[in-house]
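Just below is one structure, and these are the notes that go with it.
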Amino acid sequence: MVDVQVGLYAMGSLALLSYYWIRRRSNIRRPPSPLSLPLVADIFFLEILGHKLLVLNSIEAASEILDKRSALYSDRPIIPMVTDPALMGWSKLVSMVGYNDLWRHYRRIMNNWLNVRAVGQFNDLQERQARLLLQRLLNATDHVEPFKRVKDEFFFAMASSMFRLAYGYELQGPHDVFSGRHNKRRKTLCWQACKRVSFFVNIFPLLVYVPDWFPGAGWKRTAREWRIQQEKAKTEPYEWAKAQVANGTNQPSLLAPLLQGHQLLSGLSAAESDERLKEVGIMMFGGGTDTSSYFFVNLVAAMVLNPHVQARAQDELDTVLGPAVLPSVSDKERLPYITNLIDEVLRLYPVLPLGEHRWNGRCGDAYLILPLLVSDEIFGEFLIGGLYPTVTYLRFIHPANRAIGRDSRYYKDPELFNPDRYLDPDVPRPPAFGWGRRKCPGIHFAETSMFITTALLLAAFTFSKKRDRNGQEVIPQIEPERNSFTLELKAFDFEFKPRSDKHHQLILGAIDE
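Counting from 1, one number per residue, gives the positions in the sequence shown under the numbering used here.
If you want it as structure tokens, here you go:
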């Protein structure tokens, strides 16, 4: 016990020395910094334990800095627990790699199959997974508290789509070994390792040099265990896909043509090719599963709270397609209200495809964190940045998507759920997929997935408020989880059922159509 206390005191001393060393660096001209809350501004500066944060609170500020100056603002922060080779060593993870040639190569690989023209080849895959989801949800309609079951089914549907897309592999169930390893790795990265408050080394990187035997350094052993976990998660499904291609039994996937001598891998050794394709494969699952499944939970919350919107969406489906007809991807252009409804969910409940999310206040703002590469002058007034010092993780840019989506200059009554606001061409669509060169590479795949799944859910089911013993509707409390990496809602009460007996039969035959 004494050794542990001594170790903690020593680590705390190192942390304080690191903090004061950072504080001694020369000051630069900065945007205004808040003295107290609340503060509303297009752009403002914060410094927390030596970490310099620039918060972008408007579309104009985010577009000016992250879109128009994307050459400067496309890097990634260094998070020692995740990227340091002595710890987890995940520095080549697609979402963590810096703005360099390796990232550009990853991007070319993904863009080759996920661009707006090529992504249509996966429409049948997405539609099939969405219809299978309807059938599984049918078994959950009698649950007294269906939230967890429905959320799990959303996650499994998205995971199934991403595994088929990446590897051509059909998940064998919610407890599939490949999915299980990916899920453990996802929780490790998103819920623990990336949070700066979870490990002191993320705030004071000098702690990486603490020896393993030092009392209180058990987190270093944890990091190595997570590194092994990551290696298994990315290697096992990749080797499966590789064997399928070698045997000629592979299903269509993103990796299949790349494993057959594709020109995108020319000039790389076999080991280099394997390593890059492993990272691309695991990124497809990690980047498209959580965020998409959380979106559909948010959709359910929005429909429960706004039954008139749900009824209008169902009326559009019935009018355009006919009563008791399940939509297809090809119907998207004929269902504009469904598209606007999706954008309104993304605006009111923002879930970023890539980036780190923080919570602040009652609901919280979602932030995408990007470091600054070089010095830059903002709006002709403020100088920020400067070339990186030895400790390179200190400068970050935060576009606050929740604040941007509630800007009353563009969104009248911003807390009101109103899909019709997008009928005005001057109302911007929510920036749900990021900014600049780091925008989500799977945006077109994600948009198709959101459309077909949303349209099928609303065509088949009605989501409503739960009723108490007296038959009175109970308004659910919709609240986000605290300290969450993404906008994940706490469990809330609701009910759902097929819209009619005819719709029940339609769901049962959804795959046979």
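Ideal placement from N, C-alpha and C gives every residue a C-beta, glycine not left out.
Inset, instruction - Look up Arg409 in the DSSP assignment and say whether it is helix, strand or coil. - result: Coil, per DSSP.
Inset, instruction - May I ask which residues mark the beginning and end of the beta strand (DSSP E) holding Val323? - result: Correcting the residue type first, residue 323 is Pro in the shown sequence and not Val. No beta strand (DSSP E) holds Pro323; DSSP gives it neither H nor E.
Legend entry - Limits of the unbroken beta strand (DSSP E) element including Glu495: Per DSSP, Glu495 belongs to the beta strand (DSSP E) from 495-498.
Inset, instruction - Tell me whether Arg467 sits in a helix, a strand or coil according to DSSP, three-state version. - result: Correct three-state label for Arg467: strand.
Inset, instruction - With a threshold of 16 other CB atoms inside 10 Å of the CB of Tyr167, please say whether the residue is buried or exposed. - result: Residue environment: Tyr167 is assigned as buried (16 or more neighbouring CB atoms within 10 Å of its CB, all protein chains considered).
Inset, instruction - Determine the contact status of Pro205 and Pro80, defining contact as a CB-CB distance below 7 Å. - result: Yes, Cβ-Cβ distance for Pro205 and Pro80 is below 7 Å.
Inset, instruction - Helix, strand or coil for Ile475, going by three-state DSSP, please let me know. - result: Three-state result, Ile475: coil.
Legend entry - Endpoints, alpha helix (DSSP H) assigned at Asn401: It spans 401-404 - the alpha helix (DSSP H) in which Asn401 sits, taken as one unbroken run.
Legend entry - Pairwise C-alpha distance: Trp435 and Ser328: For the pair Ser328 and Trp435, the Cα-to-Cα distance works out to about 30 Å.
Legend entry - Between the CA atoms of Glu153 and Ala140 - distance to the nearest angstrom: For the pair Ala140 and Glu153, the Cα-to-Cα distance works out to about 9 Å.
Inset, instruction - Spell out whether any CB of chain C is found under 7 Å from the CB atom of Thr222. - result: In summary, chain C is missing from the structure at hand, where a single protein chain is found.
Legend entry - Inter-residue Cα distance where the pair is Leu87 and Glu47: Between Leu87 and Glu47, the C-alpha separation is close to 27 Å.
Inset, instruction - Kindly list the residues whose CB is nearer than 7 Å to the CB of Pro174, restricted to its own chain and excluding five residues on each side of it in sequence; keep chain order. - result: Cβ neighbours of Pro174 beyond the five flanking positions: Asp152, Phe156.
Legend entry - Given Gln400 as reference, the closest of Tyr337, Leu56, Lys220, Ile43 once Cα atoms are compared: In the sequence as presented, Gln is not what sits at residue 400; that position holds Ala. Among Tyr337, Leu56, Lys220, Ile43, the Cα nearest to that of Ala400 is on Leu56.
Inset, instruction - Could you round the C-beta distance between Trp90 and Gln230 to whole angstroms and report it? I think they count as a contact, below 8 Å. - result: Rounded to whole angstroms, the Cβ separation of Trp90 and Gln230 is 6 Å, and the two are in contact under 8 Å.
Inset, instruction - Could you tell me whether the region 224-238 touches the region 97-107, using the rule of 3 or more Cβ pairs below 8 Å? - result: Flag = no, the region 224-238 and the region 97-107 do not touch.
Inset, instruction - Could you work out which residue in Met110, Pro431, His262, Ile511 is closest to Ala61 when comparing CA atoms only? - result: Comparing Cα-Cα distances from Ala61 to each of Met110, Pro431, His262, Ile511, the minimum goes to Pro431.
Legend entry - Which of helix, strand or coil DSSP assigns to Thr462: Three-state DSSP puts Thr462 in a strand.
Legend entry - Pick from Lys242, Asp468, Leu268, Ala271 that is closest to Pro257, judged by C-alpha positions: Ranking the options by Cα distance to Pro257, first place goes to Lys242.
Legend entry - Cβ neighbour criterion (16 or more within 10 Å) applied to His308: So His308 ends up on the exposed side.
Inset, instruction - Determine, using beta carbons only, whether Arg596 and Lys232 come nearer to each other than 7 Å. - result: The structure shown does not extend to residue 596, since the chain spans only 1 to 513, so no value can be given for it.
Inset, instruction - Would you check if the distance between the CB atom of Ser58 and the CB atom of Arg437 is smaller than 7 Å? - result: Taking 7 Å as the Cβ cut-off, Ser58 and Arg437 do not qualify as a contacting pair.
Inset, instruction - Report yes if the CB atom of Thr486 is closer than 7 Å to the CB atom of Asp343, and no otherwise. - result: It is not a contact, given that the beta carbons lie outside the stated cut-off.
Inset, instruction - Starting from the C-beta of Val201, find all residues in its chain whose C-beta is less than 6 Å away, skip the five residues before and the five after it, and write them out in chain order. - result: Apart from sequence neighbours up to five positions away, the residues of its chain that approach Val201 with a beta-carbon distance below 6 Å are Pro80, Met81, Leu207, Val208, ordered along the chain.
Legend entry - Within 7 Å, strictly: CB atoms of Leu341 and Pro419: With contacts defined by Cβ atoms closer than 7 Å, Leu341 and Pro419 form a contacting pair.
Inset, instruction - Report, in whole angstroms, the separation of the C-beta atoms of Gly288 and Lys234, which I expect to be a contact under 8 Å. - result: About 15 Å; that fails the 8 Å criterion.
Legend entry - Identity of the residues DSSP links to Pro77 by a beta bridge: DSSP lists no partner for Pro77.
Legend entry - Limits of the alpha helix (DSSP H) - the one that His504 falls within: Following the DSSP letters along the chain, one finds His504 inside the alpha helix (DSSP H) bounded by residues 501-508.
Legend entry - Contact check, Met110 vs Pro441, beta carbons under 7 Å: Their beta carbons are under 7 Å apart, which means Met110 touches Pro441 by this criterion.
Inset, instruction - Rounded to whole angstroms, what's the CA-CA distance from Pro425 to Asp315? Just pull it up for me. - result: Approximately 24 Å, taken between the alpha carbons.
Inset, instruction - In the DSSP assignment, find the unbroken alpha helix (DSSP H) run with Pro336 in it and report its ends. - result: In the DSSP annotation of this structure, the continuous segment of the alpha helix (DSSP H) that includes Pro336 starts and ends at 336-348.
Legend entry - Residue interval of the alpha helix (DSSP H) (run including Arg104): Element bounds for Arg104: 101-114.
Inset, instruction - Would you mind reading off the limits of the alpha helix (DSSP H) that contains Phe154? - result: From DSSP, the alpha helix (DSSP H) with Phe154 extends over 147-167.
Inset, instruction - Tell me, please, whether the region 497-506 touches the region 319-326 by the rule of three or more beta-carbon pairs shorter than 8 Å. - result: Contact between the region 497-506 and the region 319-326 is present, because at least three Cβ pairs lie under 8 Å.
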